[in-house]
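Asker: Right, I'll just put the structure down here and ask away after.
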Amino acid sequence: MTFSLVRLIKERQNDQYALHQRYINPSMARVLEIIGFNKTYVRGEGAYLWDVEGNRYLDLLAGYSVFNLGRSHPVVKQVLQEAILLDRPNLVKMDCPLLSGLLAEELVKRMPPGLDAVFFANSGSEAVDTALKFARAATGRPRILYLDHAFHGLTLGTLAANGGAVFREGFGPLMPGFDMVQMNDLEGLERELRRGDVAAFIAEPIQGKG
Ligand SMILES: Cc1ncc(COP(=O)(O)O)c(C=O)c1O
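In this note's numbering, the protein residues as written are 437 to 646.
Structure below.
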């Protein structure tokens, strides 16, 4: 019998909370049960979710705004299906793949002048880690400044730039050379910058998670 994802989902759909309870994040499974969010969603489209009983929900949280296109966007679906059917020569070690080149070209078109090259990363945390590395390498300076309550990810590098004690607790010692400044404390920021050893000041335009 060949593997069928459709069949697997059909057979195991009701096990989702038990699986997370057993293997992934028991606290999350318990919290969702306590607050009544332990729904069995079976479909997502745009800003809506549907549960196994056919109830429709408007997802106002929207994955911390990462789903700007909405779930199951028809163009994204079509392109993913095309990409799979094309049997492209993916992951050739010695290659400069066409599709990443085309994506880089489109991104650069949309960026302000002076930002003319792209580094692809797998997550926000990896992107921030890399930006911090680039800043140190480009300036030859060691220090990174970040804001109180900042959130830039949960890798060891980005945790050092996290302005919330609750995220950092238990993971020390964190990376050296990271110093916090207070939001709206322009004098404090200028004082730190005047020392001449700051590679980067990182800040979210609007603080959210922290
Ligand atoms: C402002 C900001 N930077 C970085 C990250 C980390 O991104 P990721 O979870 O993809 O590693 C997040 C995630 O919530 C974020 O909100």
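We put the beta carbon where it would ideally sit given N, CA and C, even for glycine.
Closer than 7 Å is what we want: which residues have a beta carbon that near any heavy atom of ligand 1? List them in chain order.
Answerer: 500, 559, 560, 561, 562, 564, 587, 588, 589, 590, 594, 640, 644 and 645
Asker: Check the C-beta distance from residue 581 over to residue 596 and give it rounded, since I have them as a contact under 8 Å.
Answerer: Rounded, the Cβ-Cβ distance is 11 Å, inconsistent with contact.
Asker: According to the neighbour-count rule (16 or more other Cβ atoms, all chains shown, within 10 Å of its Cβ), is residue 579 buried or exposed?
Answerer: Buried, because 16 or more other Cβ atoms sit within 10 Å of the Cβ of residue 579.
Asker: Straight-line CA distance for residue 606 to residue 536?
Answerer: 38 Å
Asker: Under a three-way DSSP split, which group does residue 560 fall into?
Answerer: helix
Asker: Taking the beta carbon of residue 450 as the centre, do at least 16 other beta carbons fall within 10 Å, making it buried, or is it exposed?
Answerer: It is exposed - the Cβ of residue 450 has fewer than 16 other Cβ atoms within 10 Å.
Asker: Comparing alpha-carbon positions, which option in 598, 587, 562 and 470 lies nearest residue 612?
Answerer: 598
Asker: Pick from 442, 468 and 441: whose alpha carbon is nearest that of residue 454?
Answerer: 468
Asker: Would you call the CB atoms of residue 568 and residue 636 closer than 8 Å?
Answerer: yes
Asker: How would you write the range of the alpha helix (DSSP H) that residue 445 sits in, first residue to last?
Answerer: 441-448
Asker: Do residue 586 and residue 640 have their C-beta atoms within less than 8 Å of each other?
Answerer: Annotated as proximal: residue 586 and residue 640, with beta-carbon spacing under 8 Å.
Asker: Just tell me which of 594, 576, 533 and 539 has its CA closest to the CA of residue 559.
Answerer: For the residues 594, 576, 533 and 539, the minimum Cα distance to residue 559 belongs to 594.
Asker: Starting from the N-terminal side, write out each stretch of the beta strand (DSSP E) that is 3 residues or longer and does not extend beyond the segment 534-596.
Answerer: 579-583
Asker: On the CB-based measure, 16 or more other CB atoms within 10 Å of its CB, does residue 512 come out buried or exposed?
Answerer: exposed
Asker: Are residue 564 and residue 589 close, meaning C-beta to C-beta below 8 Å?
Answerer: yes
Asker: How is the beta strand (DSSP E) around residue 481 delimited, first residue to last?
Answerer: 477-481
Asker: Measuring alpha carbon to alpha carbon, tell me which residue in 574, 480 and 518 is nearest residue 493.
Answerer: Among 574, 480 and 518, the Cα nearest to that of residue 493 belongs to 480.
Asker: Starting from residue 637, follow the alpha helix (DSSP H) in both directions and report where the run begins and ends.
Answerer: Taken as a continuous stretch (DSSP letters only), residue 637 belongs to no alpha helix (DSSP H), being part of the beta strand (DSSP E) at 634-638.
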